[in-house]
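If you read the sequences in order, they're chains L and W.
Residue numbers for the first sequence follow the numbering used here, so the first one is 189 and each next one is one higher.
Residue numbers for the second sequence follow the numbering used here, so the first one is 4 and each next one is one higher.
C-beta atoms are modelled at their ideal positions from N, C-alpha and C, and glycine is treated no differently.
Predicted model only: the values in this text are computed from it and were never measured.
Let me begin by presenting the structure, written as structure tokens, before commenting on it.
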Amino acid sequence: MAILSIIALGVGFFSGVRITTPAMVHTVNAFWQEKQLYDYRLISTLGWDSDNVQAFRNMPDVRYAEGSNSIDLLALNHENVEIVLKAYTLPENINQLRLTEGRMPQSGNECLMDASRPCGLAVGDIIRISEDNEEDTLDTLNYTELKIVGMADSSLYVNFERGTTSIGNGSVEAFVYLLPDALDRDFYSEIYIRFDHDSVIYSKEYKDAMEQRSGSWEELTQQKADLRYQRITDDARSELQDGKDELEDKRAEGQQELDDAEKELADGKKELDDAEKELDNGRKELDNAEKELTDAKKQIEDNEKKLDDARKELDNARQQLDDSELQLNDARQQLDDSELQLNDARQQLDDSEQQLNQAKQQLDDSKIQLDSAGQQIADGERQLNDGQTQINSAFAELRKNEEILIFSENELNTQEQALNAQLSQIPWEYLTPQQQAQFTYAREQISQGRAQIEAGKQQISSAYQELNIQQEILNQKHTELEAAKAEYEAGKIQYEAGLAQYENSLAQFQEGKAQYEDGLKQFEEGQAQYEDGLKQFLDGKVQYENGVKELEDGRQKLADGRKEYEDGLLKLEDARKKYEDGVRKWQDGKKEYENGLHEYEDGKKEFAEKIADAEAEIADAEQEIADIDQPDTYVLDRNTNISYACFESDSQIVEQVARVFPIFFILVAAMVCITTMNRMVEEQRTQIGTLKALGYSESDIMGKFAFYCGTAAVIGCVLGYAIGTVLFPSVIWMSYELMYIEIPLTYIFDWKLSSLSLLASLLCSIGTTWIACHVELAETAAGLMRPKAPKAGKRVFLEYFPFLWNRLKFLYKVSIRNMFRYKGRFFMMVLGVGGCTALLLTGFGLKDTVAGFADVQYNDIVTADAEASFKTDIGETIPEELENSLNSLTEEYMLLNLSSWDILYGDNKVKALNMIIPVSDGDFSSYMHLHTTDGEPLSLPGTDEILVSNSVMERFGAELGKTITLRNEDMEELHVKVTGVFENHVYNYIILSQDTLQKQLGRIPTCNGAYMNFPEETDEYQISAELSKNEHITTVSLFSEMQERMAKTMGSLDYIVLLVIVCAAGLAFIVLYNLTNINITERIREIATIKVLGFFKNETSAYVLRENIALTAVGIIVGLGLGILLHSFVISQIIVDLVSFKTRILPMSFVYSILLTFLFNIAVNAFMGIKLEKINMAESLKSIE
Amino acid sequence: MSIFVEFKNVNKIYKTGELEIQALHDVNFEIEKGEFCVIVGASGAGKTTILNILGGMDTLSGGEVWLDGTEISSYSKKQLTAYRRYDVGFVFQFYNLVQNLTAKENVELAAQICRNPLDAETVLKQVGLAERMKNFPAQLSGGEQQRVAIARALAKNPKILLCDEPTGALDYQTGKAVLKLLQDTCRKNKMTVIVITHNSALTAMADRIITVKSGTIESMRQNSHVVDIADIEW
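This is how it looks when you write it as structure tokens:
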């Protein structure tokens, strides 16, 4: 029984888990096969036409080729909520639909709705196309309302991911299917190709086949697209040419018309101009004539006036002439009188002149006498002064000499005194003769000097005498001079009085003379005046007479002129009349001309405009043609379909888990088999002995056991396989159906797997049987007949530590001994229980990890609330408007440059990584908490440095200190050194500094995104919606939403975890029950004994089961360790791109695992307690049997 | 001497499916305190059933069993266990020692659950195993093992000592020694000892001899000429 159940469990788990992935793949494969999922999706930037489709269809190897159209659109559901839909045209053969409700559309305004994501819509509802759609989209759609006539699943979307779009909030809500005539399109947006094969999805066969095709198909697709390009551009060009020709014709025609008109106008213009000129001339002539007439009139008038003036003048002149004659006669009389008076005065003047000249002579004589006397006086004075001066200087010299004499005398006296003093000191006799001579000489000299001085004194006194005499003479002379001087002064005064008298008389004479000359002059002037007057008078008389004659002539002329003038006036009137007629005619002509001109201008303008329009049109068309780029084509295989790719990785997860667990179960199953068979063989020992004694061969005996065991194994295997392969895939598929559309799971029977399971179980059972029997059969028949000696009691190592051992309660000692007594069982128990715990822990840990990595990512690592991405055209700084919006709506934000770079690793392998470059200053750690997996914080990288996430390090070899090469789509390369590895679980992030980019590539990164933190206690959704309205922001993604989404995606593992827990429970039960059972059976006598000894029920149970509990505890401890290892192994096996799990087991999971294991244990124990109760002491003790 | 053990019309019927086997039929006997009683009879006569009922290991189908003034036949399962625990000592044919415990520990196993147990070592010395106290059962001979079993029973200081073929698995001499020990115990400790045997030769050493045959008491007599075990030969 134990064998059966453990084999069933082992096989069930093994085969169930193993079959799950193939079953899932098979199921989905069948669905896709039936619906003819595409192999290639061909996209050309120019779209495709039906020729293309036909061309592809004609390719060998192609089963179907189908053109299809799809368009992303915004629509309103019945609640007027805007949803993003992806509309497809209904397929014919490829990517067929599965109608779940309603019918297929029959007219353009009918559609099929996404059955998995109906957006609250049902059959019969109306989808309205939103006005917010782009112009293009609205143009393309023929209807503004679509009626849902059915619900369908699409083979393109087996899971619930609907992909992304460039409109709305960026993600597609649901798909709809339309008839082709719902769209106004003359091309296909894509062509689906289905090759002629039925290969299983994801199979190597399929992948290889596709691999082979890829190159040639890429070429082919490009070729076809080029053909379409050729067609389009050719058509467009020829159309353009027609347009151009037409334009040219029209232009020529119009130009001709215009030219004619212009010529006509020009003629008219000339005529007009001539007329004008003529008119002008006429006008001028008229004016001249008029002026002439006016002048003439004026002249006449002037002349009349002049004649009158002349008359008057002449009369005046007559009067004057008469006056002048009278005056002239008076003047003659006066002049004659004056002449007489003047002659008298002349006589008197001549007399006075003679007298004056005599007086003058006398005066000059006395003057000469006076001057010579003055001279003499001055000479005498000078001589006197000189003499005085000489005397004075002679006196001064004398006094000087006198002083010198006195001085010399004094000196002599001193010398003499000195000599005498010398002599008085020394008596003469003592003097040397020389000295005596000297003294004598000196004395002589002194006496000589005295004599001289005396002579000088005498001389001086005589000189004094002489001088005094001279002084006397001088004084006498001086007195004489004074007398002469007085005489001179008197003579001088007399002279001056005479001079004054003379000058007076002279003045009187000159005055008289002047008076005479004035009179003379006056007379002469009068004489001249008179003669002038006379002459004038005579002239005037002649003039007057001329004037009178002229006046008469003038009068005659005037009368002639007046007559002439009046004739002219008449003529002028006629001319004027003629002129005015001419002007009127001209004006009419001009008006006519102007109208014509206007018409012409308008026509010309119109022509120019029309031509310009046409030209612009042609230019536009030309530009359009030029703008038609050479088409880019894309050959997209199934891997680009989200469902296809997702399903592969999702189903792989199960497969990877499947690799680990079954081995474990098989191992446990083998061990259970061994113990069970051991026990059985031992129990049947006597029987074996008897049989052997009776002569049965070993193989016969063994066969008996093998048969028993094998039967159990086969039954268990079949049972396990049947249950496992049905249960596991369905449970797991059920969990997957949360994410995938409902496709009934197909049960697959895998011969290989089933035979493998059978083989394994048989090997387990029969192998163990053989081992067990072999040991027993080695004994002789006689030995076998005897009961096997009970296994000897043994001391356990613990007893060698008396201080510990003696402290233990007696019954515990027993338990401990028992535990170690059967080592095999001990290990099996530990392994079984440990395995159970490990499985539980792994199961819970798996859940923790999967559910938790998103928590860790978005709670512990990315602490920002949201990420915004900006329109690409924003440069290094953000527009003010955006800045304001960010400032007002967010608590804080940091501008970033987010880009994708490929890391080069291994053999030319590349992998796209998400690079973050912080652009604005600020604390990056408030948005993303960078720390190592050990929890040590990391700072931002410096120049030429880079931080990588742990997944990048693990998967792409970007180890610490290594220099890695990054490349972007423009083939720019960065070489940076890894200076830190930070913990991160979602996406492959790398963090670079702005400086590195600037240094290595010479450009400053633009800011195209931002991390933001919102204020506390605000509605994140509201803020993000508010932000999204900003025209510079393309998307705002909330991290909390991402976290939720991610956790949801991974929620499918819950069922798997549940399955693991159930299996763990089963394992625990089987192992515990089996072992306890064996234990009890084996020790039944012992148990009976202690029962007899009076152990109470619970004491007995405790005695036996304490071991179980202790072993369970040990098993749990081992199991926890094992579980942690197993868990991390399983996690390491589950590799999901863009996600790196954080191996994490929450403390609660440990608690749960332990509690559950104990729970299983207690359940088994309770069950065993009943069994213990049933042991019949008497029977058990009676004998060996 | 007062009556210590009394069986009154005890019946025991085993039911195995449809089949009913009357193991005991109106068994009546009494034993006085301090007596050495031998119950003798052929195999299958029902002696072990009597012993099991008296030892509280089995229930009876009818009648009453009294011990020291209390009716054990009316005991509940739990009371029976307590009764076994405090009042009865068992010695089995196949010793039934716990293999995983030493001689001393086997004694202690029983002793530690009693109210006033005797010291294990003292008891072992009494039975002559002072030297082998620390040996495991597998290291002891059959006689020694039986002596350990007796010591285990004695250590509980029971009111009554029940021995089921204590010498059945032992050789003659050893059996004799064991019986001697039992007899001595009875005499020295004034213990009531009941020995089951199919060997009627042993009746000579008993104070009271009960003969069982086909589930009934054939005879019960008191032996006034008790012979020392050493003098009995069979």
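Terminal residues of the beta strand (DSSP E) in which residue i lies
i: Arg286 (chain L); result: Leu285 to Gly290
i: Lys1097 (chain L); result: Lys1097 to Pro1106
i: Thr1223 (chain L); result: Ile1221 to Leu1226
i: Gln225 (chain W); result: Thr219 to Gln225
i: Asp341 (chain L); result: Glu333 to Ser342
Closest residue to residue i among the options (Cα-Cα distance)
i: Arg155 (chain W); options: W:Thr170, W:Leu112 and W:Asp174; result: W:Leu112
i: Val229 (chain W); options: W:Ser217, W:Gly218 and W:Lys183; result: W:Lys183
i: Tyr928 (chain L); options: L:Tyr345, L:Glu870 and L:Ile488; result: L:Tyr345
i: Asp231 (chain W); options: W:Lys179, W:Val215 and W:Glu35; result: W:Lys179
i: Lys80 (chain W); options: L:Leu1344, L:Thr1345, L:Leu1180 and L:Val1280; result: L:Val1280
i: Lys50 (chain W); options: W:Thr84, W:Arg150 and W:Leu165; result: W:Leu165
i: Gly1130 (chain L); options: L:Ser1139, L:Ile1105 and L:Thr1120; result: L:Ile1105
i: Ser1087 (chain L); options: L:Lys1099, L:Met1103 and L:Tyr1093; result: L:Met1103
i: Glu925 (chain L); options: L:Val205, L:Ala960, L:Thr878 and L:Met212; result: L:Met212
i: Leu607 (chain L); options: L:Phe583, L:Ile634, L:Ala582 and L:Leu428; result: L:Ile634
i: Phe1032 (chain L); options: L:Asp808, L:Ile1342 and L:Asp1111; result: L:Ile1342
i: Ile657 (chain L); options: L:Trp616, L:Ala674, L:Gln624 and L:Phe583; result: L:Phe583
Same chain, Cβ closer than 7 Å to residue i, neighbours up to 5 away in sequence not counted
i: Leu1334 (chain L); result: Asp1036
i: Leu318 (chain L); result: It is Ser, not Leu, that sits at residue 318 (chain L) in the sequence shown. So the qualifying residues of the chain are Leu262, Ala263, Leu264 and Glu270.
i: Arg291 (chain L); result: Val337 and Gly338
i: Ser596 (chain L); result: Gly637 and Ile641
i: Ala1077 (chain L); result: Correcting the residue identity first, residue 1077 (chain L) is Leu in this sequence and not Ala. So the qualifying residues of the chain are Ile1211, Glu1214 and Leu1215.
i: Val311 (chain L); result: Glu289, Gly290, Ile336, Val337, Gly338 and Met339
Residues near residue i in its chain [Cβ-Cβ closer than 6 Å; skip 5 each side]
i: Glu1373 (chain L); result: Caution applies to Glu1373 (chain L), whose pLDDT of 37 falls short of 50 and renders its modelled position unreliable; the value that the coordinates give is listed next. None.
i: Leu1074 (chain L); result: Tyr1081
i: Ile197 (chain W); result: Cys40 and Leu165
Same chain, Cβ closer than 8 Å to residue i, neighbours up to 5 away in sequence not counted
i: Asp741 (chain L); result: none
i: Leu824 (chain L); result: Tyr228, Arg229, Leu230 and Ile231
i: Asp1132 (chain L); result: His1163, Val1164, Lys1165, Thr1184, Lys1187 and Gln1188
i: Met402 (chain L); result: At residue 402 (chain L) the sequence reads Ser, which differs from the Met that was named. Hits under 8 Å: Val823 and Asp825.
Bounding residues of the alpha helix (DSSP H) (the contiguous stretch that carries residue i)
i: Tyr909 (chain L); result: Glu886 to Tyr924
i: Asn1353 (chain L); result: Pro1335 to Glu1361
i: Met398 (chain L); result: Lys392 to Gln613
i: Glu111 (chain W); result: Ala106 to Ala114
i: Asp825 (chain L); result: Run containing Asp825 (chain L): none in the alpha helix (DSSP H); it sits in the beta strand (DSSP E), Thr821 to Asp825.
Measuring CB atoms only, is the stretch 96-115 of chain W touching the stretch 133-150 of chain W, in the sense that at least three cross pairs come out at less than 8 Å? yes
What residues in the stretch 110-136 of chain W have a beta carbon less than 9 Å from any beta carbon of chain L? Glu111, Leu112, Ala113, Gln115, Ile116 and Cys117
To be precise: take each residue of the stretch 169-202 of chain W, compare its Cβ to all Cβ atoms of chain L, and keep it if any distance is under 8 Å. Which residues remain? none
Would you check if there are 3 or more beta carbon pairs closer than 8 Å linking the stretch 193-212 of chain L to the stretch 929-948 of chain L? Output reads yes: the stretch 929-948 of chain L touches the stretch 193-212 of chain L.
Using Cβ-Cβ distances below 8 Å, what residues of the stretch 1241-1275 of chain L are close to chain W? Arg1273 and Glu1274
Beta carbons nearer than 7 Å to chain L: which residues of the stretch 148-160 of chain W have them? none
Is the stretch 439-457 of chain L touching the stretch 785-792 of chain L in the sense that three or more CB pairs, one from each, lie closer than 8 Å? yes
Do the stretch 1264-1273 of chain L and the stretch 1299-1309 of chain L make contact, defined as three or more Cβ pairs closer than 8 Å? no
Check distances from the C-beta atoms of the stretch 1274-1303 of chain L to those of chain W and list, in chain order, the residues that come in under 8 Å. Glu1274, Ala1276, Thr1277, Ile1278, Lys1279, Val1280, Leu1281, Gly1282, Phe1283, Phe1284, Lys1285 and Glu1287
Contact the stretch 793-806 of chain L vs the stretch 438-452 of chain L: 3+ CB pairs below 8 Å: yes
Report the residues of the stretch 901-926 of chain L with a CB closer than 9 Å to any CB of chain W, ordered along the chain. none
Can at least three beta-carbon pairs, one atom from the stretch 731-745 of chain L and one from the stretch 571-578 of chain L, be found at a separation below 8 Å? no
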